[in-house]
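A.B. asks: Got a structure here, written out as structure tokens. Questions coming.
Numbering (this note's numbering), first residue to last: 56 to 224.
Shown next as structure tokens:
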């Protein structure tokens with residue numbers, strides 16, 4: 056069963072109160088005044104699996120949630136940002152590395168977090184920069200398919216991403 060996201064309270068179009076109603080077979084927030092549907096969309100995110108010598112680069116999180124857990128480098132997209140640009144930016148911020156994207160690994164929905172996320176993950180290789188943990192990462196580590204740590208952040212999508220990578224190795 057999918058958990059719903061917290062309901063919005065006011066209409067972005069007219070400021071009227073929202074109430075829950077069934078629309079097209081789903082429970083949705085609808086404005087009582089103007090009838091506008093307030094869609095509760097997933098937040099777009101992007102990241103990349105940087106692969107070198109058969110190992111993937113993970114970052115150890117230094118912030119909550121999942122402080123101390125390993126994570127795939129990535130994060131939320133800016134409003135005007137393409138997923139490819141966002142993946143490259145996040146890698147640079149968290150690892151100090153510039154990467155060349157080698158293709159889309161897949162698109163993954165995570166319903167275990169709120170708001171839900173729509174995650175674009177790419178396969179990548181290092182093209183420059185200096186490896187260093189920064190931003191919200193405190194450590195970097197390279198892991199082979201059989202060496203992945205047990206504590207992986209955001210398991211609602213990350214486990215599927217890593218499983219897809221392992222199938223390709």
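Every residue gets a Cβ at the ideal spot worked out from N, C-alpha and C, and that includes glycine. Quantities reported herein were computed from a predicted structural model and do not represent experimental measurements.
Can you grab the Cα-Cα spacing for the pair residue 82 / residue 201, in whole Å?
C.D. replies: As a first step, residue 82 is located in the chain shown; it is residue number 27 there, counting from the start. As a first step, residue 201 is located in the chain shown; it is residue number 146 there, counting from the start. If you take the alpha carbons of residue 82 and residue 201, they lie about 42 Å apart.
A.B. asks: Can you find the residues in the same chain that come closer than 8 Å, C-beta to C-beta, to residue 63, ignoring five residues on each side of it along the sequence?
C.D. replies: Counted from its first residue, the chain shown places residue 63 at position 8. Excluding residues within five positions, the ones whose Cβ falls inside 8 Å are 73, 84, 93 and 95.
A.B. asks: Answer yes or no: do residue 159 and residue 152 have a C-beta to C-beta separation smaller than 8 Å?
C.D. replies: Translated into the one-based positions of the chain shown, residue 159 becomes position 104. Translated into the one-based positions of the chain shown, residue 152 becomes position 97. It is not a contact, given that the beta carbons lie outside the stated cut-off.
A.B. asks: Could you compute how far the alpha carbon of residue 167 sits from the alpha carbon of residue 131?
C.D. replies: On the chain shown, residue 167 is found 112 positions in, with the first residue counted as 1. On the chain shown, residue 131 is found 76 positions in, with the first residue counted as 1. Residue 167 and residue 131 have their C-alpha atoms roughly 16 Å apart.
A.B. asks: Does the distance from the CB of residue 135 to the CB of residue 209 come in under 8 Å?
C.D. replies: For the purposes of this step, residue 135 is identified with residue 80 of the chain shown, where counting begins at 1. For the purposes of this step, residue 209 is identified with residue 154 of the chain shown, where counting begins at 1. No, the Cβ-Cβ distance between residue 135 and residue 209 is not below 8 Å.
A.B. asks: Is it buried or exposed for residue 170, if we count other Cβ within 10 angstroms and need 16 for buried?
C.D. replies: The sequence position of residue 170 within the chain shown is 115, counting from 1. Exposed, by the Cβ-count rule.
A.B. asks: Quick check: the Cα distance between residue 149 and residue 88, rounded to an integer number of angstroms?
C.D. replies: Sequence index remark: in the chain shown, residue 149 carries index 94 (1-based). Sequence index remark: in the chain shown, residue 88 carries index 33 (1-based). If I take the Cα positions, the gap works out to 45 Å.
A.B. asks: What three-state label does DSSP hand residue 197 in the structure shown?
C.D. replies: What you label residue 197 is simply residue 142 of the chain shown in a count that begins at 1. Strand, per DSSP.
A.B. asks: Going by the CB atoms, is the gap between residue 111 and residue 176 shorter than 8 Å?
C.D. replies: Locating residue 176 in the chain shown gives position 121, counting from the first residue. Locating residue 111 in the chain shown gives position 56, counting from the first residue. Against a cut-off of 8 Å, the Cβ pair of residue 111 and residue 176 comes out as no contact.
A.B. asks: Where does the unbroken beta strand (DSSP E) through residue 101 begin, and where does it stop?
C.D. replies: Sequence index remark: in the chain shown, residue 101 carries index 46 (1-based). 98-107 is the span of the beta strand (DSSP E), which, as asked, contains residue 101.
A.B. asks: According to DSSP, is residue 118 helix, strand or coil?
C.D. replies: On the chain shown, residue 118 is found 63 positions in, with the first residue counted as 1. Reduced to three states, the DSSP call for residue 118 is coil.
A.B. asks: Take residue 118 as the anchor and find which of 139, 104, 192 and 173 has the nearest alpha-carbon.
C.D. replies: On the chain shown, position 63 is the one that residue 118 refers to. If we check each option's Cα against that of residue 118, 192 comes out closest.
A.B. asks: What residue range is occupied by the uninterrupted alpha helix (DSSP H) comprising residue 221?
C.D. replies: Sequence index remark: in the chain shown, residue 221 carries index 166 (1-based). Looking at the DSSP string, the run of the alpha helix (DSSP H) that includes residue 221 is 210-223.
A.B. asks: Can you list, in chain order, the residues of its chain whose CB lies under 6 Å from that of residue 183, leaving out five sequence neighbours each side?
C.D. replies: In the chain shown, counting from the first residue as 1, residue 183 sits at position 128. Around residue 183: 153.
A.B. asks: With a 10 Å radius around its C-beta and 16 neighbouring C-beta atoms as the bar for buried, classify residue 69 as buried or exposed.
C.D. replies: Numbered from 1 along the chain shown, position 14 holds the residue referred to as residue 69. A residue is called buried once 16 or more other Cβ atoms fall within 10 Å of its Cβ, and residue 69, having fewer, is exposed.
A.B. asks: For residue 164 versus residue 178, is the C-beta spacing smaller than 8 Å?
C.D. replies: The residue given as residue 164 occupies position 109 in the chain shown. The residue given as residue 178 occupies position 123 in the chain shown. Taking 8 Å as the Cβ cut-off, residue 164 and residue 178 do not qualify as a contacting pair.
A.B. asks: Unbroken beta strand (DSSP E) runs of length 3 or more, entirely within the region 137-203: which are they?
C.D. replies: 152-165, 172-184 and 192-198
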